[in-house]
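Colleague:
What follows is the structure in structure tokens.
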């Protein structure tokens, strides 16, 4: 049976919920809605969803709180698109820092949200073909760290598992597949998110900052992800492919 993507819309505005839900259903998606954090928690506790559309400005726990909560729980890998007020760039920045996969500013056209949903789902499920490496060697080693491409998580030098969000994994995968090569922000955004950069788009810089934190990499003197002024970033550590584990 063909899988029908299941989308959860979390927004306190009834008109937006109904408009978006109707449009997405007409375009072949399965859709449920929640008006606030309480309803969202109750729904995801007993239902699997493929993507969550989460409004930031809501009474009670806002979207940022809920995004952080989702990323800390069993839904840490579920893609999230944040809905933000057009003037609130700070909210978009914080949302990306907390692990949102994309954002869309209000007011928006339902067809634009549909396009973003399809794009996020597509890039979450597969890397572009030009980024594939041999999956026979499931562990990619750089320095004392290893990236498990099967489980999609990072293994620290002491063997502890470091969980990565979907966006963090995709960006790190791009870096380790292209070590010691300068990649500009437009290239990184295209390879990891399948879209062109918008004016003042800081999503790649925020992801790089989060990856450095995961790798205990000092931003002032990084060992792994170095900033090349006016050009972009380079993953400076050699990468080795380990043999597949039995």
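Residue numbers (the UniProt record's numbering): 1 to 246. Quick reminder that beta carbons are idealized off the backbone N, C-alpha and C, glycines included.
Assess contact between the region 165-174 and the region 205-222, defined as three or more Cβ pairs (one per stretch) separated by less than 8 Å. Is contact present?
Modeller: Yes: the two stretches touch, three or more of their Cβ pairs being nearer than 8 Å.
Colleague: Measuring CA to CA, which of 85, 101, 57 and 43 is closest to residue 71?
Modeller: The residue with the shortest Cα to Cα distance from residue 71 is 101.
Colleague: What does DSSP give as the partner residues of residue 178 in its beta bridges?
Modeller: Beta-bridge pairing links residue 178 to no other residue.
Colleague: If you check the beta carbons only, do residue 9 and residue 20 fall under 8 Å apart?
Modeller: Result yes, Cβ atoms of residue 9 and residue 20 sit closer than 8 Å.
Colleague: For the candidate residues 36, 233, 45 and 40, whose alpha-carbon lies nearest to that of residue 57?
Modeller: For residue 57, the nearest C-alpha among the options comes from 36.
Colleague: Tell me which residue opens and which closes the beta strand (DSSP E) that residue 146 is part of.
Modeller: Note, residue 146: beta strand (DSSP E), 145-148.
Colleague: Between the alpha carbons of residue 11 and residue 139, how many angstroms are there, rounded?
Modeller: Computed Cα separation, rounded: 40 Å.
Colleague: Which of the three DSSP states is assigned to residue 43 in this structure?
Modeller: It is helical.
Colleague: Just the C-alpha distance for residue 65 and residue 98, rounded to the nearest angstrom, thanks.
Modeller: Distance between the alpha carbons of residue 65 and residue 98 is about 9 Å.
Colleague: Let me know if residue 117 comes out buried or exposed under the rule of 16 or more other beta-carbons within 10 Å of its beta-carbon.
Modeller: Result: buried.
Colleague: Could you give the first and the last residue of the continuous alpha helix (DSSP H) run that contains residue 208?
Modeller: Note, residue 208: alpha helix (DSSP H), 203-214.
Colleague: Just verifying my parser: in three-state terms, what is the DSSP assignment at residue 227?
Modeller: Here residue 227 sits in strand by DSSP.
Colleague: Which full runs of the alpha helix (DSSP H) of 4+ residues lie inside the UniProt domain "Response regulatory" (6-121), going along the chain?
Modeller: Within the UniProt domain "Response regulatory" (6-121), the complete alpha helix (DSSP H) runs of at least 4 residues are 14-26, 37-46, 63-72 and 89-97.
Colleague: If you run the structure through DSSP and keep just helix, strand and coil, what is residue 159?
Modeller: Reduced to three states, the DSSP call for residue 159 is coil.
Colleague: Residues in the same chain with beta-carbon distance under 7 Å from residue 231, minus the five sequence neighbours each way, listed in chain order, please.
Modeller: 182 and 184, listed in sequence order.
Colleague: Let me check one thing: in DSSP terms, what residues is residue 240 bridge-paired to?
Modeller: DSSP lists 141 as partners of residue 240.
Colleague: Report, in whole angstroms, the separation of the C-beta atoms of residue 241 and residue 234, which I expect to be a contact under 8 Å.
Modeller: No, residue 241 and residue 234 are not in contact; Cβ-Cβ is about 20 Å, not under 8 Å.
Colleague: Could you tell me the alpha carbon to alpha carbon distance between residue 144 and residue 150, rounded to whole angstroms?
Modeller: Going by the C-alpha atoms only, they are around 19 Å apart.
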